[in-house]
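Right, one structure below, let's go through it.
Residue numbers (the numbering used here), protein chains in the order written: chain G, 1 to 203; chain R, 204 to 448.
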């Protein structure tokens with residue numbers, strides 16, 4: 001029998017199909033949702049994201065996702081943002097115009113403003129902290145991004161950071177809200193473990 | 204950590220290896236290959252096609268994306284941000300732009316604006332002519348300028364990675380072109396993926412050692428047996444080796 005149901009937002013800004021496939025491989029029931037009113041049927045929601053900030057913000061505005069997701073979180077339900085979906089949890093980004101969801105306080109910044117000469121943080125990377133790998137040394141995830149949440153500016157959050165680039169937040173949590181800058185759905189067994197932790201309430 | 208990408212060339216519903224992007228040899232069904240690559244824990248997979256897919260092709264890409272639990276790159280016939288977004292919406296994280304950049308270099312900026320620069324890959328194919336790496340169109344082989352000149356032309360464009368393919372070495376197992384990697388590094392700060400001629404783990408290490416962030420393998424992935432018959436073998440290179448190159 002499948003385990004609890006997870007909603008994955010499918011609003012054209014992320015890789016919902018693979019997230020769903022990975023959750024189903026883990027024996028969770030997972031569904032793509034395209035309308036905010038569908039949120040009320042789920043305790044846990046994943047917001048995947050690929051693309052640019054401005055495009056994503058526009059899509060969220062067009063369909064009143066901002067109110068729906070804030071309401072979902074205010075009720076104590078779980079939310080996980082992935083990559084751009086993680087960045088959208090915050091208020092602003094140097095990447096573009098428009099307000100993020102503002103569920104978490106903070107601003108997304110360009111990586112090369114934090115680490116000289118590094119435009120893109122791409123590849124498999126180890127993370128340090130207790131959220132993702134429980135401190136295991138060989139746990140790694142796939143990253144591909146040019147903007148990030150500066151690890152030094154969010155002391156109010158529980159975070160993991162990229163081991164060899166500690167300026168970059170790898171994952172964050174505040175209560176029932178989680179975020180991963182990496183792509184768990186593209187991180188093989190390591191990503192499966194992370195999604196299982198969120199879906200199975202082990203985080 | 205240095206990366207090793209599995210490259211799958213697709214024509215219609217099937218996957219092939221190539222030699223100089225010709226001489227197709229069937230290696231399997233793309234979706235099955237991706238499932239095998241999941242099991243082998245491939246760092247990433249690149250799907251390459253000659254032209255932008257039709258409806259059937261898009262459906263196949265969607266099936267591949269759904270099954271792949273590693274990062275995916277698509278390259279083939281992209282000439283607009285709309286096409287790039289179409290592939291990205293299927294689930295491919297990174298989009299390679301090849302022939303189009305020679306006529307319309309601003310397509311890189313347009314795609315980067317829509318998808319983010321980290322999802323945009325500048326793909327340059329080249330061959331050595333009189334000892335100089337010369338960028339060529341990968342379909343017509345028309346010369347577009349030296350690698351140095353072309354990289355300078357694109358130095359202010361938005362892209363997150365450079366994919367460098369030595370077309371003369373494709374499928375030849377003759378080793379990596381380390382000189383071209385070294386040349387490219389001096390003209391771009393973007394991470395470099397190198398493809399062409401990889402025939403051993405030593406070749407992969409050599410490309411990593413001179414600065415390539417990623418090496419892409421096609422024939423070495425699927426035609427390594429003594430008889431050069433199709434067999435998917437993703438090389439095992441330890442995590443320690445990848446992190447200490």
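Beta carbons are placed, not taken as given, at the ideal position from N, Cα and C, and that holds for glycine.
The beta-carbon distance between residue 413 of chain R and residue 385 of chain R, rounded to whole angstroms, is 5 Å. This is short enough to meet the 8 Å contact definition. Only 183, 185, 186, 187, 188, 189, 191 and 192 from the stretch 165-198 of chain G bring a Cβ to less than 9 Å from some Cβ of chain R.
The residues 26, in chain order, have a CB closer than 6 Å to that of residue 196 of chain G in the same chain once the five nearest residues on each side in sequence are set aside. Scanning chain G for C-beta atoms nearer than 7 Å to the C-beta of residue 316 of chain R yields 52, reported in chain order. Taken through DSSP and simplified to helix, strand or coil, residue 23 of chain G comes out as helix.
Of all residues in the stretch 255-275 of chain R, the ones placed with a Cβ closer than 9 Å to any Cβ belonging to chain G are 265, 268, 269, 270, 271, 272, 273, 274 and 275, in chain order. Contact residues of the stretch 399-411 of chain R toward chain G are absent (C-beta to C-beta distance below 9 Å).
Rounded to the nearest angstrom, the Cβ distance from residue 167 of chain G to residue 114 of chain G is 4 Å, consistent with a contact under 8 Å.
Of all C-beta pairs linking the stretch 304-317 of chain R to the stretch 355-370 of chain R, three or more are shorter than 8 Å, placing the two stretches in contact. Residue 246 of chain R reaches chain G at 124, counting residues in chain order whose Cβ is nearer than 7 Å. At a cut-off of 8 Å between C-beta atoms, residue 142 of chain G counts as an interface residue with respect to chain R.
Between residue 69 of chain G and residue 11 of chain G, the alpha-carbon positions lie close to 13 Å from each other.
Of all residues in the stretch 281-299 of chain R, only 288, 291, 292, 293, 294, 295, 296 and 297 place a beta-carbon less than 9 Å from a beta-carbon of chain G. Taking 8 Å as the CB threshold, residue 204 of chain R lines the interface with chain G.
Within the model, the alpha-carbon separation for residue 174 of chain G versus residue 207 of chain R is close to 35 Å.
The C-beta of residue 364 of chain R comes closer than 8 Å to at least one C-beta of chain G. Proximity of chain G to residue 319 of chain R at the Cβ level (cut-off 7 Å) is accounted for by 51, 52 and 146, in chain order. Those residues of the stretch 6-37 of chain G placed with their C-beta closer than 7 Å to a C-beta in chain R are 12, 15, 17, 18, 21 and 22, ordered along the chain. Sequence-distant partners of residue 14 of chain G (beyond 5 residues in either direction) whose C-beta falls short of 8 Å from its own C-beta, in its chain, are 47, 48, 49, 50, 51, 82, 83, 84 and 85. The C-alpha of residue 268 of chain R lies about 28 Å from the C-alpha of residue 96 of chain G. For residue 393 of chain R, the C-beta contacts it makes with chain G under 8 Å involve 119 and 120, in order along the chain.
Close CB contacts of residue 266 of chain R within its chain, under the 7 Å cut and outside five residues either way in sequence, are with 234 (chain order).
CA-CA distance, residue 264 of chain R to residue 209 of chain R, rounds to 16 Å.
Every alpha helix (DSSP H) of 4 residues or more that sits fully in the stretch 29-101 of chain G is shown, in chain order, as 53-62, 65-74 and 84-87. In this structure, the straight-line span from the alpha carbon of residue 342 of chain R to that of residue 297 of chain R is close to 21 Å.
DSSP, read as helix, strand or coil, puts residue 411 of chain R in helix. The beta carbon of residue 376 of chain R sits closer than 6 Å to those of 402, all from its chain and outside the five residues before and after it, given in chain order. The DSSP-derived three-state label of residue 421 of chain R is coil. For residue 217 of chain R, the secondary structure class from DSSP, reduced to helix, strand or coil, is strand. The alpha-carbon of residue 383 of chain R is positioned some 7 Å away from that of residue 336 of chain R.
Just so you know, the alpha carbons of residue 107 of chain G and residue 163 of chain G end up roughly 21 Å apart. Following the DSSP letters along the chain, one finds residue 332 of chain R inside the beta strand (DSSP E) bounded by residues 323-332. Within chain R, the C-beta atoms nearer than 7 Å to that of residue 55 of chain G come from 317, in chain order.
Nothing from the stretch 225-239 of chain R brings a Cβ to less than 9 Å from some Cβ of chain G. Under the three-state reduction of DSSP, residue 121 of chain G is assigned to strand.
Closest in C-alpha terms to residue 302 of chain R, from the list R:284, R:295 and R:278, comes R:278.
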